[in-house]
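Here's the structure we're looking at; comments come further down.
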Amino acid sequence: MTISTRLAALLVALGAPLPACDLDSDWPFDRACAASVVPMSLQGAWTVHGDGKRTSCDDATLNASELALTVGPLDIVQSGSTLTLAEPLSLPPGVSFTFDGARVDGSCVTFTTTETSAHGDVVRVTFDGTRDGSRLSGTFTGFGPGTCRLEGDFSVDVRR
Numbered sequence: 608m609t610i611s612t613r614l615a616a617l618l619v620a621l622g623a624p625l626p627a628c629d630l631d632s633d634w635p636f637d638r639a640c641a642a643s644v645v646p647m648s649l650q651g652a653w654t655v656h657g658d659g660k661r662t663s664c665d666d667a668t669l670n671a672s673e674l675a676l677t678v679g680p681l682d683i684v685q686s687g688s689t690l691t692l693a694e695p696l697s698l699p700p701g702v703s704f705t706f707d708g709a710r711v712d713g714s715c716v717t718f719t720t721t722e723t724s725a726h727g728d729v730v731r732v733t734f735d736g737t738r739d740g741s742r743l744s745g746t747f748t749g750f751g752p753g754t755c756r757l758e759g760d761f762s763v764d765v766r767r
């Protein structure tokens with residue numbers, strides 16, 4: 608399954624969001640964030656690509672052993688270590704998309720997307736990764752819609 612466009616990203620999100628990270632504590636990574644990394648702006652147009660799977664869905668037709676997703680471009684602005692959407696996305700009535708908890712710490716980057724469909728289905732996905740120049744890569748986990756679980760690998764291309 609390949610998903611493109613922001614609306615399709617919502618549908619993917621309905622298939623698997625990640626639990627949110629506790630950003631008030633230490634990074635929840637099994638790797639050290641390289642504090643020596645020279646701070647670099649990740650501001651720009653983000654396109655997120657991912658490959659993974661969606662499992663544990665009450666509706667078995669939503670399960671997917673191979674899932675490809677593309678989200679973007681998202682216009683991201685950076686203030687210090689915080690990343691936010693430049694402005695809300697233009698989506699159909701009743702559909703919402705949020706970009707939460709996004710931050711940069713040395714070489715580590717984390718962000719969470721929450722998408723809600725016009726029918727009220729919610730998908731929340733957390734992306735944890737590292738940056739190398741203007742490219743991010745790592746893993747994602749999530750939940751939704753319903754009992755679905757999502758996991759896989761992602762990369763983000765940042766265009767300035």
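Numbering-wise (the working numbering), the sequence shown opens with residue 608 and increments by one.
Cβ coordinates follow ideal geometry from the N, Cα and C atoms, glycine included.
What you are looking at is a predicted structure, and each value in this text was computed from that prediction instead of being measured.
Asked                                                                                                : Found
Counted within 10 angstroms of its Cβ, other Cβ atoms place Ala709 as buried (16 or more) or exposed : buried
CB contact flag (Gly657, Gly745, <7 Å)                                                               : no
Proximity of Arg756 and Ser697 at Cβ, strictly below 7 Å                                             : no
Bounding residues of the beta strand (DSSP E) (the contiguous stretch that carries Arg738)           : 729-739
Per-residue DSSP class, three states only, for Asp637                                                : Model confidence at Asp637 stands at a pLDDT of 46, short of 50, so the residue's coordinates are unreliable and nothing is read from them.
Which listed residue (Thr668, Val729, Pro699, Leu649) has its alpha carbon closest to that of Leu681 : Leu649
Minimum C-alpha distance to Ser688 - residue among Asn670, Pro700, Thr717, Arg661                    : Thr717
Thr691 - DSSP class collapsed to helix/strand/coil                                                   : strand
Endpoints, the beta strand (DSSP E) within which His656 is located                                   : 651-662
Cα-Cα separation between Ser686 and Gly751, rounded to whole angstroms                               : 30 Å
Arg731 and Thr723 closer than 7 Å at C-beta                                                          : no
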